[in-house]
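Student: In the numbering used here, the protein residues as written are 1 to 272.
No residue lacks a Cβ here, since even glycine has one placed at the ideal position from N, Cα and C.
Fair warning: this is a prediction, and the values are worked out from it, not measured in the lab.
#1: Once DSSP output is grouped into helix, strand and coil, what is the label at residue 270?
#2: Compute the Euclidean distance between the alpha carbons of residue 229 and residue 259, then round it to the nearest angstrom.
#3: Should residue 196 be labelled buried (16 or more other beta-carbon atoms within 10 Å of its own) or exposed?
#4: Could you tell me if residue 12 is buried or exposed, where buried requires 16 or more neighbouring beta carbons within 10 angstroms of its beta carbon?
#5: Enumerate in chain order the residues of its own chain whose CB-to-CB distance from residue 8 is below 8 Å, with the five nearest sequence positions on each side excluded.
#6: What residue range is occupied by the uninterrupted alpha helix (DSSP H) comprising residue 175?
#7: Please tell me whether residue 220 and residue 199 are closer than 8 Å, where the distance is taken between their beta carbons.
#8: Please state if the CB of residue 99 and the CB of residue 222 are separated by a distance shorter than 8 Å.
#9: Kindly provide the ranges of any alpha helix (DSSP H) runs that are 4 or more residues long and lie completely inside the region 108-171, ordered along the chain.
#10: Quick check: residue 208 and residue 180, are their CB atoms within less than 8 Å of each other?
#11: Can you name, in chain order, every residue of its own chain whose Cβ lies under 7 Å from the Cβ of residue 257, other than the five neighbours on each side?
#12: Should residue 158 and residue 189 be called a contact, given that it needs their Cβ atoms to be closer than 8 Å?
#13: Among residues of its own chain, excluding the 5 on either side of residue 329, which ones have a beta-carbon nearer than 6 Å to its beta-carbon?
#14: Report buried or exposed for residue 169, applying the criterion of at least 16 other Cβ atoms within 10 angstroms of its Cβ.
#15: Can you tell me where the beta strand (DSSP E) with residue 187 in it begins and where it stops?
#16: Report the residue from 14, 217, 184, 237 whose alpha carbon sits nearest the alpha carbon of residue 97.
#17: With three or more beta-carbon pairs closer than 8 Å as the criterion, would you say the region 225-239 touches the region 100-120?
#18: Going by Cα to Cα distance, which pick from 213, 161, 214, 30 is closest to residue 116?
#19: Could you work out which residue in 225, 127, 56, 125 is closest to residue 95 when comparing CA atoms only?
#20: What separation, rounded to the nearest whole angstrom, lies between the Cα atoms of residue 103 and residue 145?
#21: Indicate the three-state DSSP secondary structure (helix, strand or coil) for residue 223 in the structure shown.
#22: Grab me the residues of residue 138's own chain with a C-beta within less than 7 Å of its C-beta, minus the 5 sequence neighbours each way, in chain order.
#23: Would you tell me roughly how many angstroms separate the C-alpha atoms of residue 271 and residue 150, rounded to the nearest one?
#24: Short check: CB of residue 147 to CB of residue 175, under 8 Å?
#25: Got a sec? Which residues, its chain only, sit under 7 Å from residue 47 by beta carbon, not counting five neighbours each side?
#26: Based on the DSSP output, what are the partners of residue 35 in its beta bridges?
#27: Roughly how many whole angstroms lie between the Cα atoms of residue 16 and residue 101?
#28: Three-state secondary structure (DSSP) at residue 259?
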């Protein structure tokens, strides 16, 4: 890639990139942003299901030299996109501040196309561990859970339709580059469970069997609930094994654990 091929970002494209901080605009255009060189590089590396549309850089001459992943982004993008999108664009530092959702702007923003959901047949899933998110609302928790699943080799997350948006900028930032390594599917959780009767449902509850003293299945839907309300009643009714993470001091402890922390502890036990 030649630096001469990097053109200033047009006003129209600048408005597009800035608008993607809003869910309704992400949905309208089918695009989302990833900020920071590492996040962009990792999604290029792991996320082939997310085609690259555009790179916006504030210091392109330095970034292209320092990053092989970014330097090779044109080769990674689909040929059809090259004809319709100014794939590489530059902005000034002050312009980058208008585009970023971060308090401290990064040097690069990648614009990627959302995964095509389409109609999926979720019946007869192969026997493995899956994570179910039932109404998780905090984007930071969502992103951390995705990163944790990547660490523990959980390849697919099923989320209820009222779970926080996968492409929320705070979610993307919290994944720390793991977005492309873990598939997130929004679906009707009860139908998913009913369509896969051979996969047990393990639910994390405030009252349940100790996760440290209970034999754990090798195949399961591991269900984590909303930060304040826990698992919804329909999902709770389908649990075949209820687990809890007991506090160290039964007489002195907070009301509950953060859902992302609880997920990490749970997956660690399952993978032990």
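Tutor: Working from what's here:
#1: For the purposes of this step, residue 270 is taken as the residue at position 270 of the chain shown. It is helical.
#2: Numbered from 1 along the chain shown, position 229 holds the residue referred to as residue 229. Numbered from 1 along the chain shown, position 259 holds the residue referred to as residue 259. If you take the alpha carbons of residue 229 and residue 259, they lie about 11 Å apart.
#3: Numbered from 1 along the chain shown, position 196 holds the residue referred to as residue 196. Buried, because 16 or more other Cβ atoms sit within 10 Å of the Cβ of residue 196.
#4: Within the chain shown, numbered from 1, the residue matching residue 12 stands at position 12. Looking at its Cβ environment, which holds fewer than 16 other Cβ atoms inside 10 Å, residue 12 is exposed.
#5: Position 8 of the chain shown, counted from the start, is the residue given in the question as residue 8. Closer than 8 Å at the Cβ level, and outside the excluded window around residue 8, lie 89, 90, 91.
#6: Position 175 of the chain shown, counted from the first residue, corresponds to residue 175. First-last of the alpha helix (DSSP H) with residue 175: 169-175.
#7: Taking the chain shown and counting its residues from 1, one reaches residue 220 at position 220. Taking the chain shown and counting its residues from 1, one reaches residue 199 at position 199. Less than 8 Å divides the Cβ of residue 220 from the Cβ of residue 199.
#8: Working through the chain shown from its first residue, we reach residue 222 at position 222. Working through the chain shown from its first residue, we reach residue 99 at position 99. Not a contact, by the Cβ cut-off of 8 Å.
#9: 139-151
#10: Mapped onto the chain shown, residue 208 falls at position 208. Mapped onto the chain shown, residue 180 falls at position 180. Cβ distance not < 8 Å, so residue 208 and residue 180 don't count as in contact.
#11: Residue 257 sits at position 257 when you count from the first residue of the chain shown. 245.
#12: Residue mapping note: residue 158 aligns to position 158 of the chain shown, counting from 1. Residue mapping note: residue 189 aligns to position 189 of the chain shown, counting from 1. Annotated as proximal: residue 158 and residue 189, with beta-carbon spacing under 8 Å.
#13: In this structure the chain extends from 1 to 272, so residue 329 is not present and cannot be described.
#14: In the chain shown, counting from the first residue as 1, residue 169 sits at position 169. Using a 10 angstroms sphere on the CB of residue 169, the tally of other CB atoms reaches 16 or more, which defines it as buried.
#15: Along the chain shown, one-based indexing puts residue 187 at 187. If you look at residue 187, you'll find it isn't in any beta strand (DSSP E); DSSP assigns it neither H nor E.
#16: As a first step, residue 97 is located in the chain shown; it is residue number 97 there, counting from the start. The option with the nearest alpha carbon to residue 97 is 14.
#17: no
#18: Looking up residue 116 in the chain shown gives position 116. Closest option to residue 116, Cα to Cα, is 30.
#19: Stepping through the chain shown from its first residue, residue 95 is reached at position 95. Residue 56 holds the alpha-carbon nearest to the alpha-carbon of residue 95 among 225, 127, 56, 125.
#20: Against the chain shown, residue 103 aligns to sequence position 103. Against the chain shown, residue 145 aligns to sequence position 145. Roughly 23 Å between the two C-alpha positions.
#21: Here residue 223 refers to the residue found at position 223 of the chain shown. In the structure shown, residue 223 sits in a strand (DSSP, three-state: E or B).
#22: On the chain shown, residue 138 is found 138 positions in, with the first residue counted as 1. For residue 138, where only same-chain residues beyond five positions count, the Cβ hits under 7 Å are 164, 227.
#23: Looking up residue 271 in the chain shown gives position 271. Looking up residue 150 in the chain shown gives position 150. Using only the alpha carbons, I get a separation of about 13 Å.
#24: Here the question's residue 147 lines up with position 147 in the chain shown. Here the question's residue 175 lines up with position 175 in the chain shown. Result yes, Cβ atoms of residue 147 and residue 175 sit closer than 8 Å.
#25: Position 47 of the chain shown, counted from the first residue, corresponds to residue 47. 179, 180.
#26: By 1-based counting over the chain shown, the position of residue 35 is 35. DSSP, once it has assigned bridges, lists 109 as partnering residue 35.
#27: On the chain shown, position 16 is the one that residue 16 refers to. On the chain shown, position 101 is the one that residue 101 refers to. Roughly 14 Å separates the two Cα atoms.
#28: Residue 259 sits at position 259 when you count from the first residue of the chain shown. Residue 259: helix per DSSP, three-state reduction.
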